[in-house]
Amino acid sequence: MAYVKGDGVSNSSGNYKYFTTNDWKTKIQGLEDSYNKLLASVKSNSQTNVPSGANNTRSGNDSTANHYAALLAQVQAQQDAAARRAEELARQKQQAAQAAYDKNMGYLNEAYANRSNLLQQNYNDALAQLQASYDSGARGVNQNADSAQQQAYINYMMSKRDLPQALAAQGLTGGMSESALAGMYNSYGNNRNTIDRGRNESLAALLDTLNSNRSSALQSYNSQLSAAEQQKMAYQMQLEQALANGSAEILQNKYDTLQNLDNAYAQQILALQQAAAQAAQKRW
């Protein structure tokens, strides 16, 4: 709820009084009520100021009363017209202020939505690039490991093929041949295990890097999104404060206008009362 400085009257603590928008509306309603009270008072005074007497005197008094009643009605009509103009001007100003606020809020929401979409797109692009980098690295690791496995198998098969000839050249046969073949197979198995272990370690390292980069990208996205949200809220608060201040100023101007009209109205009514009283005294 917006608060605006009041009429400069200090309270018991020495501070200025502040009025809410509803306070101003209440004060303005009080002014409008005072018009009706003044009107009733003048009519009552006009009637009591006309004394009774002969028929011709009563007729003259009635004529005078009618004359001042007509003047009173004219003043009241002018007062009502001025008050309506003040009301209409305040309404138009308030409508314009609200329209400006709505328009600016529309721009702000659109800008924030565009910013959020851009941040989301950048985040998605970053994830896609990270995934592509991981996939490329994993593909390279698997290709190298598969090539190493294939080469190890070729080496094993060639050694196995050449083993009988090599043993024969050394004069080795029988159990020696079986022992050498078993050793070759064990060596081939060890090579395969070494290659697979290297593959798994490389893939794990790539995955750790991917997850770390994903986490960093998410943190960056959330930070930028939070900054955009805070900036939007700051601008929105400025717009709302401007609207509240504008509304309060409109109401205060309206109150001041009606207060001035009230003072002028009271003076005119007083002048009519005095004129009516003087006219009545002259007739007597």
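Heads up: the sequence shown runs through residues 1 to 284, numbered per our numbering. Glycine included, each C-beta is placed from N, C-alpha and C at the ideal position.
8 Å Cβ cutoff met for residue i and residue j
{"i": "TYR188", "j": "TYR156", "result": "yes"}
{"i": "ASN101", "j": "LEU239", "result": "The question names Asn, yet the displayed sequence has Tyr at residue 101. For TYR101 and LEU239, yes; Cβs fall inside 8 Å."}
{"i": "LEU251", "j": "ALA86", "result": "no"}
{"i": "SER116", "j": "LEU225", "result": "yes"}
{"i": "ALA138", "j": "LEU203", "result": "yes"}
{"i": "LEU243", "j": "ALA97", "result": "yes"}
{"i": "ARG192", "j": "GLN149", "result": "yes"}
{"i": "PRO164", "j": "SER177", "result": "yes"}
{"i": "ALA297", "j": "ILE195", "result": "There is simply no residue 297 to check, as the chain begins at 1 and stops at 284 in what is shown."}
{"i": "LYS160", "j": "LEU127", "result": "no"}
{"i": "ASN142", "j": "ARG199", "result": "yes"}
For residue i, the three-state DSSP class (helix, strand or coil)
{"i": "ALA171", "result": "The displayed chain sequence assigns Gly, not Ala, to residue 171. Of the three classes helix, strand and coil, the one that applies to GLY171 here is coil, per DSSP."}
Environment of residue i [buried if 16+ CB atoms lie within 10 Å]
{"i": "GLN79", "result": "buried"}
{"i": "LEU118", "result": "exposed"}
{"i": "SER247", "result": "buried"}
{"i": "ALA90", "result": "buried"}
{"i": "ALA276", "result": "buried"}
{"i": "ILE269", "result": "buried"}
{"i": "ALA81", "result": "exposed"}
{"i": "ALA83", "result": "buried"}
{"i": "LYS103", "result": "exposed"}
{"i": "TYR107", "result": "exposed"}
Candidates the options: closest to residue i by CA position
{"i": "ASN122", "options": "ASN200, ARG161, ARG214", "result": "ARG214"}
{"i": "GLN267", "options": "ALA70, ASN66, HIS67, GLN76", "result": "GLN76"}
{"i": "ASN124", "options": "SER216, TYR265, ASP262", "result": "SER216"}
{"i": "GLN120", "options": "GLN74, ASN245, SER223, GLU249", "result": "SER223"}
### Segments of 4+ residues assigned as alpha helix (DSSP H) that fall wholly inside the region 118-177
none
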